[in-house]
Amino acid sequence: MATVPVRELSHHTARCLALVKAGEAVDITERGRVIGRIVPVEPEDDARARLIAHGRVRPATRGRAELLAQLRREAAGATTDEDNAVSDALQDLRDGERY
0 MATVPVRELS HHTARCLALV KAGEAVDITE RGRVIGRIVP VEPEDDARAR LIAHGRVRPA
60 TRGRAELLAQ LRREAAGATT DEDNAVSDAL QDLRDGERY
């Protein structure tokens, strides 16, 4: 890990960022004390794999086309058998209350 004083960072920013781009973290110091750190960004695939491994996210179980088709059906007001069963049960309850 490289250590760079604030003054050098301000005068040679491109050089410091080249270190970061090469994968090295750079500590920024002021009067000999670390005040910040510039680190390389993790590739998106690595971050996603890490989140999946830790159970923080779950990979998609269906494709994008299937999901979009479902969203379009729902937006158009189409219902599924499960929706109909719930609606029928609610209607039966309401009918029973009225009489």
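Numbering follows numbering that gives the first Met the number 0, in which position 54 of the sequence shown is assigned residue number 53; successive positions increment by one, without gaps. Glycine included, each C-beta is placed from N, C-alpha and C at the ideal position.
Straight-line gap, residue i to residue j (C-alpha atoms, nearest Å)
i: T28; j: G62; result: 48 angstroms
i: G95; j: A88; result: 11 angstroms
i: S9; j: P42; result: 27 angstroms
i: E73; j: L66; result: 11 angstroms
i: A64; j: G35; result: 44 angstroms
i: S86; j: T60; result: 28 angstroms
i: D45; j: P58; result: 14 angstroms
i: A1; j: R14; result: 12 angstroms
i: R32; j: V3; result: 11 angstroms
i: D91; j: G76; result: 22 angstroms
i: I37; j: L70; result: 41 angstroms
DSSP three-state assignment for residue i, whether helix, strand or coil
i: R32; result: strand
i: V3; result: strand
i: V19; result: helix
i: V25; result: strand
With 16 other Cβ atoms within 10 Å as the buried cut-off, status of residue i
i: V56; result: exposed
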